[in-house]
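S.K.: Protein chains in written order, with the working numbering: chain A, 1 to 341; chain B, 342 to 682.
There are 2 protein chains.
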Amino acid sequence: MKPTVHDIARSAGVSLATVDRVLNGRPGVRHVTRERVEQAISVLGYVRDVAAANLAKGRTYSFTFVLPNYDNSFMIGIRDEVEAAVSRSGAERTQIRIVEVPPFDAQVLADALDRIALDMPDGVAFVAVEGDEVHASVARLKEAGIAVATLVSDLPGSERDHFAGIDNNAAGRTAANLLGRFAGGRDGRIAVIAGSMLVRDHRERLEGFLAVMGDDFPRLTVLPVMEARDDPTLAAEVVSAALGHYCDIIGLYSLGAGNRGIAHALRQVPPDARPVVVAHELTNTTRAALAEGLIDAVLNQDAGHEVRSAIRVLKGKADGLPVIAAQERIRIDIFLKDNMP
Amino acid sequence: MKPTVHDIARSAGVSLATVDRVLNGRPGVRHVTRERVEQAISVLGYVRDVAAANLAKGRTYSFTFVLPNYDNSFMIGIRDEVEAAVSRSGAERTQIRIVEVPPFDAQVLADALDRIALDMPDGVAFVAVEGDEVHASVARLKEAGIAVATLVSDLPGSERDHFAGIDNNAAGRTAANLLGRFAGGRDGRIAVIAGSMLVRDHRERLEGFLAVMGDDFPRLTVLPVMEARDDPTLAAEVVSAALGHYCDIIGLYSLGAGNRGIAHALRQVPPDARPVVVAHELTNTTRAALAEGLIDAVLNQDAGHEVRSAIRVLKGKADGLPVIAAQERIRIDIFLKDNMP
DNA sequence: AATTTTCTGATTTACGTACCTCAAAAACTG
DNA sequence: CAGTTTTTGAGGTACGTAAATCAGAAAATT
Chain A
1 MKPTVHDIAR
11 SAGVSLATVD
21 RVLNGRPGVR
31 HVTRERVEQA
41 ISVLGYVRDV
51 AAANLAKGRT
61 YSFTFVLPNY
71 DNSFMIGIRD
81 EVEAAVSRSG
91 AERTQIRIVE
101 VPPFDAQVLA
111 DALDRIALDM
121 PDGVAFVAVE
131 GDEVHASVAR
141 LKEAGIAVAT
151 LVSDLPGSER
161 DHFAGIDNNA
171 AGRTAANLLG
181 RFAGGRDGRI
191 AVIAGSMLVR
201 DHRERLEGFL
211 AVMGDDFPRL
221 TVLPVMEARD
231 DPTLAAEVVS
241 AALGHYCDII
251 GLYSLGAGNR
261 GIAHALRQVP
271 PDARPVVVAH
281 ELTNTTRAAL
291 AEGLIDAVLN
301 QDAGHEVRSA
311 IRVLKGKADG
321 LPVIAAQERI
331 RIDIFLKDNM
341 P
Chain B
342 MKPTVHDIAR
352 SAGVSLATVD
362 RVLNGRPGVR
372 HVTRERVEQA
382 ISVLGYVRDV
392 AAANLAKGRT
402 YSFTFVLPNY
412 DNSFMIGIRD
422 EVEAAVSRSG
432 AERTQIRIVE
442 VPPFDAQVLA
452 DALDRIALDM
462 PDGVAFVAVE
472 GDEVHASVAR
482 LKEAGIAVAT
492 LVSDLPGSER
502 DHFAGIDNNA
512 AGRTAANLLG
522 RFAGGRDGRI
532 AVIAGSMLVR
542 DHRERLEGFL
552 AVMGDDFPRL
562 TVLPVMEARD
572 DPTLAAEVVS
582 AALGHYCDII
592 GLYSLGAGNR
602 GIAHALRQVP
612 PDARPVVVAH
622 ELTNTTRAAL
632 AEGLIDAVLN
642 QDAGHEVRSA
652 IRVLKGKADG
662 LPVIAAQERI
672 RIDIFLKDNM
682 P
């Protein structure tokens, strides 16, 4: 039978109250007594029943998620996952509030964070936009003792406790590896289409991509990046234009959103003249494009994992626990048409 | 504030005991009263506090895992994960026992299952070996009201409740897709090395692999499968022999274990003459080989996910709950050197 | 109408922990 | 030594649910 606090008390020859004081780091226990209790704990192999402890504590965690009101499938996925967490929040003794802000605006984000700080939640998670104002707001949140995590897009150098997202440089490198190998030793051009170079994750993906392309695939020429602001219509135009202008584009890396437009543009090209395509995020669009053969590989970050990781970390930080890095690392998933979930 | 059973009782105008009867499906409640209570539950949005319920129930689940005492890295990984679950088992109100059996022996496995049935655990998980004896033992377990799940290798057509493992046919198809594309349109031969065609997962991988190879990559010729019984030494020999015999082997699919031997054999070949290699399971060996460039891609099934999924399902089955298929699907992970976790 | 059966209510105990109070004991002060 | 402070014990209540008992009410049966 699992030992309980009562067993510890009996074994250490102290009262329940003393065990409780030791377990919860409360003052008023002599050093020798404390050691006797700790001894008993380790001998009996006592582990606190977290469920019972939480029940007794009745503690609830309040978190706020700041998300861009940005309607690409991936962000919708993130929002859905946060909302799913909200609906589970009762069972998990957490109370999660969602605040929406316009995307790509550092000042608005900073203001939102400052406003949230007034409510004194236990933790805040947000999709970072770079800017000094944001750094300052994060510093103020930490100052107020609020746990802070960035989601999807990071804010390095700030005082955030944790980043719940993928290594975007590695993602870019993976994309280059796949694209280069799928191109199969042929010479030709590679088109890259991004959302905006002002966004950190897109910049990092490009960096990684270019590094591997340059080192490992010298026979492939990467064209200058085209920015389509994650807009399907714009993306379709840009891709069509590029494919029309160069006849030797054998690869396409879509490192942002707007894949619906890209798929549309590709569909206009005869199947045997289509480039190899690597895109990001498994959405309905990319899933269908994979199945159809328009896209050859999709790199994915699991929105559900990211959101749950952020919550776990915020909870831990609120309790002053350290982050177990290995457990919170978000993987870069690769999907081909054959291993789609 | 979250509603509790007390709120339900008050709102429905019944006593706590009646609410309890409704919630736990106990008899002794009139139809109309039951409906009033259910009404109140849905109006107030009551959700049972599982932690408190488990605490009150004091129920513990007893499960037995039957694992082959088979010393390849992947099986060791599975064992480690089960043991990790054992060490967590206190906190999760589960009691897990591990039984080891020699691999590939249906009769021994069946006997072990029969012996386990005598202890009447709540659930059993095992790595299946095919055989009528095993089917019969599974039927007897189910007869005794014990939940049954297969792990890693399935036993289709049996009465098992669940299979916690990957779709091995899809894995084979994925391997073919990667290998075919990495080979880059060249002509040549593909070598396939397996553990044993007597094991279902290896057979299924091969099937999927051959299907895609035949359909999508007609310029590649797949050599007859070499069986190396998952033994590194034997695998090294077989691969060396094959590479020596044919000079146009441009691809190698290792669909079983023994990759240490294969890596060793590959290292003897000059780098630019090495075939493209796809292997299974991310272990220390394959991880190093990926980094070194000996292996180009690794398909992986996450042992931790599989074990946890099996436990979740057994727990659910023990409580008579249905399996949420989507949640329990084990993904086929693809790792290149750039996206290793 | 009397009896049996089926429901329902009220109440209690328990699960393992947290946290509180109050009193008693022990350990230090000067 | 008395006085003060610190440490400890004993006991209780609470968290939300499960499960049991027993008595009483309502319904169904005779």
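Even for Gly, the Cβ is constructed at its ideal location relative to N, Cα and C. Treat the numbers as computed from the prediction; the structure is a model and nothing was measured.
#1: Under a CB-based cut-off of 8 Å, is Ile-675(B) close to chain A?
#2: Could you give the residue range of the beta strand (DSSP E) that holds Ser-403(B)?
#3: Helix, strand or coil, according to DSSP, for Asn-518(B) in the structure here?
#4: In angstroms, rounded to a whole number, what distance separates the CA positions of Thr-624(B) and Phe-415(B)?
#5: Tell whether a beta-carbon distance below 8 Å holds between Asp-296(A) and Phe-182(A).
#6: Could one say the Cβ of Pro-682(B) lies closer than 8 Å to chain A's Cβ atoms, at least one of them?
#7: For a cutoff of 8 Å on Cβ pairs, would you count Ala-51(A) as touching chain B?
#8: Please decide whether Asn-413(B) counts as near chain A, where near means a Cβ-Cβ distance under 8 Å.
#9: Interface residues of chain A around Gly-525(B) at Cβ under 9 Å?
#10: Look at Ser-137(A) and Ala-110(A) and say whether their C-beta atoms are less than 8 Å apart.
#11: Using a Cβ-Cβ distance under 8 Å, would Asp-556(B) count as near chain A?
#12: Less than 8 Å between the beta carbons of Phe-217(A) and Arg-173(A), yes or no?
#13: On the DSSP bridge list, what partners appear for Glu-227(A)?
#14: Starting from Thr-624(B) and walking both ways along the beta strand (DSSP E), at which residues does that stretch end?
#15: Is there contact between the stretch 381-390 of chain B and the stretch 344-353 of chain B, where contact requires at least three CB pairs shorter than 8 Å?
#16: Can you tell me whether Ile-665(B) is buried or exposed? The criterion is at least 16 other CB atoms within 10 Å of its CB, across all chains shown.
#17: Given that Asp-542(B) touches chain A, what residues does it touch there, using C-beta distances under 7 Å?
#18: State yes or no: is the beta carbon of Tyr-294(A) nearer than 8 Å to at least one beta carbon in chain B?
#19: Going by DSSP, which residues form a beta bridge with Arg-530(B)?
#20: Within the continuous beta strand (DSSP E) that includes Val-465(B), where are the two ends?
#21: Could you tell me the boundaries of the beta strand (DSSP E) in which Gln-39(A) lies?
#22: Hey, how far is the Cα of Arg-672(B) from the Cα of Ile-603(B)?
#23: For Gln-327(A), which three-state DSSP category applies?
#24: Determine the burial state of Leu-496(B): buried for a count of at least 16 other Cβ atoms within 10 Å of its Cβ, exposed for fewer.
#25: State the DSSP-derived secondary structure class of Leu-677(B), mapped to helix, strand or coil.
#26: Hey, is Ala-288(A)'s beta-carbon within less than 8 Å of any beta-carbon in chain B?
#27: Could you say which of Arg-21(A), Ile-166(A), Leu-16(A) lies nearest to Ile-334(A) if we only look at CA atoms?
#28: Using CA coordinates, which residue listed in Leu-198(A), Gly-244(A), Arg-287(A) is at the minimum distance from Phe-104(A)?
#29: Would you call the stretch 185-199 of chain A and the stretch 228-240 of chain A touching, i.e. three or more CB-CB distances under 8 Å?
#30: CA-CA distance, Gly-634(B) and Val-617(B)?
#31: Within its chain, find whatever has a CB closer than 8 Å to the CB of Thr-626(B); leave out the 5 residues flanking it on each side and keep chain order.
#32: Going residue by residue through the stretch 459-512 of chain B, where are the continuous beta strand (DSSP E) segments of at least 3 residues, counting only ones entirely within it?
#33: For Arg-530(B), which of Ala-480(B), Glu-545(B), Asn-509(B), His-586(B) has the nearest alpha-carbon?
#34: Check whether the Cβ atoms of Asn-54(A) and Arg-93(A) lie closer than 8 Å to each other.
#35: Are any of the Cβ atoms in chain A nearer than 8 Å to that of Ala-511(B)?
#36: To the nearest angstrom, how far is it from the Cα of Gly-45(A) to the Cα of Gly-399(B)?
M.R.: Let's see:
#1: yes
#2: 402-409
#3: helix
#4: 7 Å
#5: yes
#6: yes
#7: yes
#8: no
#9: Arg-181, Phe-182, Ala-183, Gly-184, Gly-185, Arg-186
#10: yes
#11: no
#12: no
#13: Ala-194(A)
#14: Taken as a continuous stretch (DSSP letters only), Thr-624(B) belongs to no beta strand (DSSP E), as it is neither H nor E.
#15: yes
#16: exposed
#17: Under the 7 Å cutoff, chain A gives no residues; its nearest Cβ is about 15 Å from Asp-542(B).
#18: Residue identity check: residue 294(A) is Leu in the sequence provided, not Tyr. Answer no: the Cβ-Cβ gap between Leu-294(A) and chain B never drops below 8 Å.
#19: Thr-562(B), Ile-590(B)
#20: 464-467
#21: Per DSSP, Gln-39(A) belongs to no beta strand (DSSP E); it is in the alpha helix (DSSP H), 31-44.
#22: 25 Å
#23: helix
#24: buried
#25: coil
#26: no
#27: Ile-166(A)
#28: Leu-198(A)
#29: yes
#30: 10 Å
#31: Ser-414, Asn-600, Arg-601, Ala-604
#32: 464-467, 488-492, 503-505
#33: His-586(B)
#34: yes
#35: yes
#36: 19 Å
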